[in-house]
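Notes follow the structure.
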Amino acid sequence: MKILVTGGAGFIGSHLSEALLEKGEEVWVIDDLSTGKLENLEKIVKHPRFHLVVDTIMNEKVMEELIEKVDQIYHLAAAVGVRLIMDRPIETIETNVRGTEIVLKIANLYKRKVLLASTSEIYGNHVEHTLSEDDNRILGSVRKRRWAYASSKTVDEFLALAYHLEKKLPVVIARIFNTVGPRQTGQYGMVIPNFVQAALLGKPIQVYGDGKQSRSFNHVKDTISALIGLMNEPAAEGDVFNVGNGEEITIADLAEKIKKMTGSPSPIEFVPYEEAYGYGFEDMQRRTPNISKIRSLIGYTPSRHLEETLQSVIDYFKQ
Ligand code: UDP
């Protein structure tokens, strides 16, 4: 099969492209290298079934040339990372909304199947229970610009479902929860690469807020097997699925765990949110997926526990 991965030079996109090549597919990547990196593609750039186009998904002419020749599109290109979203809100909204409009419009011209990479961010600030696909969204004020990301990705989801309903476009939406693993950079705020790098360098591990907020982290390889499974399951079309791992940990405990696993002398510091992100930030207290829907449809269960995932990140940064 011929497959297009938008944002394929990013952390998740590069692992996905590798996995698709291993399955024998022919892969095209389009990436503007804004947050993606060529070095992420080091292992595959010379592969005979791999093609890289360095351009933006906003370039409709290039997108049409690519989409016409493929069978499936994994649409991963997006503004990612809380740090980037806080610092560059216009770019976040425009890339996420206009970029997806272009992908869906052209995919519909050629009736190509699209997997839209969405985010657990769209659930907003729930605390009570694990998150299921049909839960309400609880988003803060428009003046808290963090929520621009959730709102832009929500528009993407609505648009994808609208194309499915009105135009019979085959689409599937994957709501990806915190994903980690080798190659993820801490540059855009992600907690695990930041904690691991600080621990290895003996610098303070900075926990934002009181550290009682929790997350659940999935290894990138487990995320990818879910994406490929969803894309190739006809019964998933026109529907939304959580992709994540149910194992939950508070950020303060995560800091302790990483300190211990690395044998680091780093102190753990608590930093107020305003100091970390400036005005306009609001954190999510909890974000754990209910993964029963994807499990019952494609038999998906993450195969790695947090400790193994953390070890893979520690090994990566040690190199
Ligand atoms: N966080 C932290 N220190 C950091 C980076 C992040 O304490 O250096 C916290 C952040 O405030 C959030 C959690 O870790 O509560 C996860 O942050 P991340 O940006 O990785 O993901 P998201 O908030 O999108 O789940």
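Position in the sequence shown counted from 1, then plus 1, gives you this note's numbering. For glycine and all other residues, C-beta sits at the position ideal for the given N, C-alpha and C.
Residues in the same chain with beta-carbon distance under 6 Å from G9, minus the five sequence neighbours each way, listed in chain order, please. S18, V30, D32
Can you tell me whether DSSP reads E269 as helix, strand or coil? According to the sequence as given, residue 269 is Ile; it is not Glu. Strand, per DSSP.
Compute the beta-carbon to beta-carbon distance between R287 and V128, rounded to the nearest angstrom, for a pair I have assumed lies under 8 Å. 5 Å
Straight-line gap, Y209 to M191 (C-alpha atoms, nearest Å): 12 Å
Can you give me the C-alpha to C-alpha distance between K38 and A79, rounded to a whole angstrom? 14 Å
Own chain partners of R113 with C-beta closer than 6 Å, once the 5 adjacent residues on each side are dropped: I68, I74
DSSP bridge partner residues for N243 (one or two, in chain order): R176
Which residues in the same chain as K70 place their Cβ atom closer than 7 Å to its Cβ, once the five residues preceding and following it in sequence are excluded? K3
For I74, list the residues DSSP reports as bridge partners. L5, V115
In or out: H220 buried (at least 16 other Cβ within 10 Å) or exposed? buried
Quick check: T155 and I13, are their CB atoms within less than 8 Å of each other? no
Counting C-beta neighbours from all protein chains within 10 Å, is the total for A236 16 or more, i.e. buried, or is it exposed? exposed
Just how far apart, CA to CA, sit I94 and I86? 9 Å
Say yes only if the C-beta of Q188 is nearer than 7 Å to one or more non-hydrogen atoms of the ligand UDP, and no if none qualify. no
Simplified DSSP assignment, three categories, for P194: helix
Which of helix, strand or coil DSSP assigns to T286: The sequence shown places Gln at residue 286, rather than the Thr named in the question. In the structure shown, Q286 sits in coil (DSSP, three-state: anything other than H, G, I, E or B).
From which residue to which residue does the alpha helix (DSSP H) around H16 run? 12 to 23
Roughly how far, in whole angstroms, is the beta-carbon of S153 from the beta-carbon of N97, given that I think they are within contact range, below 8 Å? 4 Å
Please name the residue or residues paired with L132 in a DSSP beta bridge. P290
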